[in-house]
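Contents: one structure, followed by commentary.
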Amino acid sequence: MARKRKNRGAKVGAPEQTAKRPKLAKRKLADHNQQLPSDLQKYWRQRHNLFWKFDEGIQIDEEGWYSVTPEVIAEDTAARIAQLYNTKQPIDQSQMDFGRLCVVDAFCGVGGNTIKFATWCEHVIAIEIDPKRLEMARHNAKVYGVEDRIEFILGDFYELAPMLKADVVFMSPPWGGPEYTSASVFDLDCLPLHSAREWLDRARLITTNIVYFMPRNCDPRQLAGLYPEAPCDIELNYTNGFLKALTVYYNDLAMYGSSEPHALFEPKACTSQQYCP
Ligand code: MGP
Ligand code: SAH
6 MARKRKNRGA
16 KVGAPEQTAK
26 RPKLAKRKLA
36 DHNQQLPSDL
46 QKYWRQRHNL
56 FWKFDEGIQI
66 DEEGWYSVTP
76 EVIAEDTAAR
86 IAQLYNTKQP
96 IDQSQMDFGR
106 LCVVDAFCGV
116 GGNTIKFATW
126 CEHVIAIEID
136 PKRLEMARHN
146 AKVYGVEDRI
156 EFILGDFYEL
166 APMLKADVVF
176 MSPPWGGPEY
186 TSASVFDLDC
196 LPLHSAREWL
206 DRARLITTNI
216 VYFMPRNCDP
226 RQLAGLYPEA
236 PCDIELNYTN
246 GFLKALTVYY
256 NDLAMYGSSE
266 PHALFEPKAC
276 TSQQYCP
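In short: position in the sequence shown from 1, add 5, done, that's this note's numbering.
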């Protein structure tokens, strides 16, 4: 059921800091943001996990708060994708950590993943259907100093996919809001707009190297079954000991740089006892 929230879509930045504020008062200010509705306060408390540079003027709106990928997870994903290039084609030593990859971030939001792709890869195509959020992503990329490696496109990934070329497509679509945990198992056919299979088939028009950022309560067999011809590696993404989400790597990306804990699925066969009791 939809909950009533104040200040929908309000742009919220860091609170103003005064130089001589006593420690306790400062702490109270940091723990609570009166501009945000109560159900978003938990994301405010995690703001420095979401963006390490939050205090430098990061912009987030309501959907951004509950959808942005925490920075440590976005960093791991970008590093792993860059490693694919480095593993396949060794490049100039001075650029060892800098994959010359083009990555499509199909649902860029306020830029959590886009910024990290731009840090690790040469070119990022960042697509977002909401113009305000796209501008926030552009602004946030400037805060991180990586905007020059990002091509921001306002539009619908579903429509744009047939026109794009890239090495990797990363997809973190809307899951239907924070209520995604209300079912014990999240059904991938029930994503808003298009099913997970439909989005993935669109991405396959661009490349076979696809990454999905998905709810932690997905059935891993359903995730593996979205692309049955490809191996699939499912990473469990934790921050501060809490499971936040799953990152699913298909095809070549499933074979490189996997980190623990994870489960590798061979095509058409589930091999993980963890997920297939
Ligand atoms: P959460 O479950 O809403 O938060 O989202 P948290 O802190 O785990 O709260 P808890 O009370 O359930 O423990 C966890 C993470 O999932 C967020 O930090 C986002 O990265 C991601 N996420 C959540 N939603 C609702 C979406 C979404 O709709 N789309 C995408 N792409 N990511 C989302
Ligand atoms: N990974 C992002 C969060 C993505 S949330 C981050 O870290 O910031 C999903 C985003 O997809 C939302 O901002 C939503 O506006 C956008 N979106 C929804 N439908 C879309 C579509 N058809 N094409 C592109 N973007 C879309």
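For glycine and all other residues, C-beta sits at the position ideal for the given N, C-alpha and C.
Please read all numbers here as calculations on a predicted model, not as lab measurements.
- For Thr186, the shortest C-beta to heavy atom distance toward the ligand MGP is below 7 Å.
- Per the coordinates, the alpha-carbon of Arg143 lies some 26 Å from the alpha-carbon of Leu89.
- The C-alpha of Ala131 is placed about 25 Å away from the C-alpha of Trp49.
- Short note on Ser72: C-beta closer than 7 Å to some heavy atom of the ligand SAH.
- Closest in alpha carbon position to Tyr254, among Phe59, Arg85, Pro42 and Glu68, is Arg85.
- Distance from the C-beta of Cys195 to the nearest heavy atom of the ligand SAH is not below 7 Å.
- Taken in chain order, the whole beta strand (DSSP E) runs of length 3 or more contained in the region 187-256 are 215-220, 237-244 and 247-255.
- Annotated three-state conformation of Asp81 is helix, per DSSP.
- The C-alpha of Trp57 lies about 34 Å from the C-alpha of Asp206.
- In this structure, DSSP gives Phe175 an extended state, which the three-state scheme calls strand.
- In the structure shown, the three-state DSSP call for Leu106 is strand.
- The DSSP assignment places 104-110, 126-133 and 155-159 as complete runs of the beta strand (DSSP E) inside the region 100-162, in order along the chain (cut-off: 3 residues).
- The region 148-156 makes no contact with the region 186-197: fewer than 3 CB pairs, one atom from each, lie closer than 8 Å.
- Note on geometry: alpha-carbon atoms of Arg202 and Leu210 lie some 13 Å from one another.
- Not one heavy atom of the ligand SAH lies closer than 7 Å to the C-beta of Phe56.
- If you look at Asn54, you'll find it in the alpha helix (DSSP H) that goes Arg52 to Leu55.
- In this structure, DSSP gives Ile86 a helical state, which the three-state scheme calls helix.
- Taking 8 Å as the upper bound for CB-CB distance, Ile78 and Ala250 are in contact here, some 7 Å apart.
- Val108 counts as buried, since at least 16 other C-beta atoms from the protein chains shown sit within 10 angstroms of its C-beta.
- Per DSSP, Gly182 lies in no alpha helix (DSSP H) and is assigned neither H nor E.
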